[in-house]
Ligand SMILES: Cc1ncc(C[n+]2csc(CCOP(=O)(O)OP(=O)(O)O)c2C)c(N)n1
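Protein chains in written order, with this note's numbering: chain E, 1 to 640; chain U, 1 to 317.
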């Protein structure tokens, strides 16, 4: 291999270094296949028995300008000997198809001093002088930042196997990474075959050649060798992202209908379902807007069919009036909100936990409903099934919150053992019992059975107006109070069936961290670290937000301080200009303060990307320092 | 007799339904309101067709006219302002065997629900959509509606409204996959009945605009047409609305109009010198969305489990 300005050969002596885990990124312009290569890499890791978590790096535009900072498109793969539950801290090895996209990652705090950058070097010889200069400046800057940059002729090397390296480079890189991390190349070859199955043998052969070529290139030019020991289990596993898990959950719950309007990052759940839902007799309705989408689902549900609507924040906003109707008229319905950054169009492709209040309160009047949040990709699957059952049993809309991190992240988890009783039963068309009203509210639980069109003798008019148990419109003060109360009692009945949250760590101590949604893995990992350092910190993670899991105040009382960690906006605790009273708190914290009357502290930010465990670790250490539990200097060092 | 369900005669104990089986209590519209007559016509059609009340659903939005379901003894859905059509389509999507009547006002359909109106026409699901067009917002007490004539003095435009009105029939005729558009007037119960009957018999979305008097806020808008039948244009054709001649003999202005001719329909619908009544357009061969959306209802739970296992195999490692 000829060496350019910098030698492509990396000298590091010795055999493969054993590490417990690694974080790898592939970053490119969009359309260069980095995600495909990364997913294949992750699947191979999972198949070898490693724990894996992937995070997609997604620009907001379909075709952002080439070689731009905001255009960074790619994937991060964190894999380890044990289960991996989050994206981790800073990357170990990064393959970059151009230097500019790396700036996007630097801004995201994705690298540390010593992160190895394997950088495409064709830009050094580009015909455009400006590009040559940009490249040279950037490489110098990267090195000044402490990154270890290897400039590699990837494009040129790919030319051996293809005339268009832009399309084939990703598989070449897959081969390189497999070699560096000692992954089984045969498993990778299977992934390549599967990925190009539809394109025919010629394309498969070419990509296999690129894969092998990448491996040889790494063998000849790079001496990095790592081994992340795998611990294969005998358990059956599946690998999906969160939206596929939602789609699978929709099918496993026996739903009849998904009614939706396209919106990032929710749509890919429907993309997945679109190919397979009909095999289970289901139908996807793409409505004219989100209002129609939920109206259509409510119509189907009123007619006895199980329905759900999948959306994201702006769609949830449009659905609020219909959610109120579903509450008022007690129509079962599952609403999945794959949260993104808000308000308005916000950060369409990026994570935020900003919809808690919208889910709890957005409908006018008193509109209690079930609100749940999935904390893992596996829960995205199981919670749809739970949500469907709760919706039917409690005659209520159920909002299931997930987010962009879960939606596009991939991880292996136990293959669900499908049960027939997950699936909705066929609709009841037996005659309606005489003398039973359409809202025969149980005075204790508020629960009632609903008539389904087709049931003889069950005719009633569903109305969004205040109504009696006969579903007769009623404006008198007593009737409205009774209706509100009955609809509210249902959630007390549900709450009485819930278990208190499991405490991660000791059940008493100095600090309790409370989280919800996709931050589970990150928070747990950070708490694990501070616990190993000897601090009395525990955490809980809420799945039910409405009604709340029981026993919270009692648990909170066993800790000196309680704080939430959330991915949504909050003012500094002292407020702006010292106006503490108007300081706007993180959503779960504010809610828990109101519900438990406990002093719940918080830390929250809106970076549009998942939290890193190191970052959360720093937050916890700071909080401990403020409590006087740890000396300030140690905290500063950790937070640094 | 029409519309007899094939399975009707198979019932062990034949049930015979009278008008009472469809009457859901005293309608509480104002005396003289045009909605009363339409309700009576629908109940008669249900009775004549012997529709099972439990398999019939009337769906509405919000407005005076949207009180309609409360006065039917069938299943009913009185939902949100402007949103009757998505709900009706959702009901039909997986339960195509249910008969659906939709009641909607000119504000409900042509203003707040306009997007759904356009798309419901395109979905063309089998149901009757009755647009109660009184040229005004009734329930909220006299605001300008999209079909109000320019110069209408309302609470929102006390000096008279500005804009030319939307033409619901013409608009509907311009939407792709439209399959049935008719127009009638509440003050001619014979014609209302015959028009709604034709709508009920059509397979697809039957859009019927009913010019409807509001004695409270728009008592005058149709007064002239009521007094002078020559301001009406009766559409006649062997494929059109077959009203009892006794009820339409007052109309001197008549024309033969073939309802399969959409261009002629559009031309007639755009006339401003007369009010055309009768069937403007019908095409029984348009695709209906429920033909697709209802597929798969026969898949059993065991089959679903099998299909799901196969899906999970794809993700297995
Ligand atoms: C979202 C929403 N906006 C406004 C209203 C108030 N509102 C109720 S009915 C109505 C208009 C009714 O007019 P129309 O649809 O023509 O029916 P009519 O009462 O004349 O039969 C309005 C504006 C509402 N109920 N909901």
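Built from N, CA and C at the ideal position, the CB exists for glycine as well.
Taking the CA atoms as reference points, residue 380/E sits about 6 Å from residue 374/E.
Between ligand 1 and the CB of residue 132/U, the shortest heavy atom gap is smaller than 7 Å. Linking residue 385/E to residue 156/E through their CA atoms gives a straight-line distance of about 51 Å.
Nearest Cα to residue 112/U within the set 113/E, 88/E, 335/E and 291/E: 291/E. Assignment of residue 631/E by DSSP, reduced to helix, strand and coil, places it in the coil class. Here the alpha carbons of residue 56/U and residue 602/E stand approximately 54 Å from one another.
The shortest CA-to-CA distance from residue 500/E to any of 408/E, 547/E and 490/E is the one to 547/E. Residue pairing by DSSP places residue 181/U opposite 207/U and 281/U in a beta bridge. Sequence-distant partners of residue 165/E (beyond 5 residues in either direction) whose C-beta falls short of 7 Å from its own C-beta, in its chain, are 155, 158 and 159.
Remark: the shortest separation between the CB of residue 262/U and any heavy atom of ligand 1 does not fall under 7 Å. Under the 8 Å Cβ criterion, the stretch 218-238 of chain E counts as touching the stretch 70-87 of chain E, having at least three qualifying pairs. Shortest Cα-Cα distance from residue 183/E to any of 553/E, 128/E, 46/E and 521/E involves 46/E. In this structure, residue 362/E sits near residue 320/E, with a CB-CB distance shorter than 8 Å.
Under DSSP, residue 378/E forms no beta bridge with any residue.
DSSP places residue 46/U inside the alpha helix (DSSP H), whose first and last residues are 35-49. By the CB criterion at 8 Å, residue 406/E and residue 518/E fall inside the cutoff.
Between residue 616/E and residue 526/E, the beta carbon gap of about 4 Å places them in contact (Cβ cut-off 8 Å). CA-CA distance, residue 25/U to residue 117/U, rounds to 29 Å. Distance from the CA of residue 300/U to the CA of residue 408/E, rounded to the nearest whole angstrom, comes to 32 Å.
Cβ atoms of residue 339/E and residue 404/E come within 8 Å of each other, at about 7 Å. Taking C-beta separations shorter than 6 Å and ignoring five residues to either side along the sequence, the partners of residue 323/E in its chain run 363 and 397, following chain order.
For the pair residue 301/E and residue 333/E, the CB atoms are nearer than the 8 Å cut-off. Remark: the shortest separation between the CB of residue 301/E and any heavy atom of ligand 1 does not fall under 7 Å. Straight-line spacing of the CA atoms in residue 311/E and residue 282/U works out to 37 Å.
Using a Cβ-Cβ cut-off of 8 Å, residue 251/E is close to 304, 307, 308 and 311 of chain U, given in chain order.
At least one heavy atom of ligand 1 falls within 7 Å of the beta-carbon of residue 139/U. Cα atoms of residue 470/E and residue 479/E: separation of roughly 11 Å, rounded to the nearest angstrom. Taking non-hydrogen atoms of ligand 1 into account, the C-beta of residue 106/U is found less than 7 Å away from one of them. In the DSSP assignment, residue 80/E falls within the beta strand (DSSP E) that extends over 73-80.
Here residue 582/E is exposed, its C-beta having fewer than 16 other C-beta atoms within 10 Å. For residue 63/U, the shortest C-beta to heavy atom distance toward ligand 1 is below 7 Å.
In the displayed model, residue 91/E falls within a strand according to three-state DSSP. Counting only residues of its own chain and dropping the five nearest sequence neighbours on each side, residue 413/E has a CB closer than 6 Å to the CB of 378.
Taken through DSSP and simplified to helix, strand or coil, residue 187/U comes out as coil. By alpha-carbon distance to residue 53/U, the top candidate from 38/U, 64/U and 69/U is 69/U.
For residue 254/U, the beta-bridge partners assigned by DSSP are 234/U.
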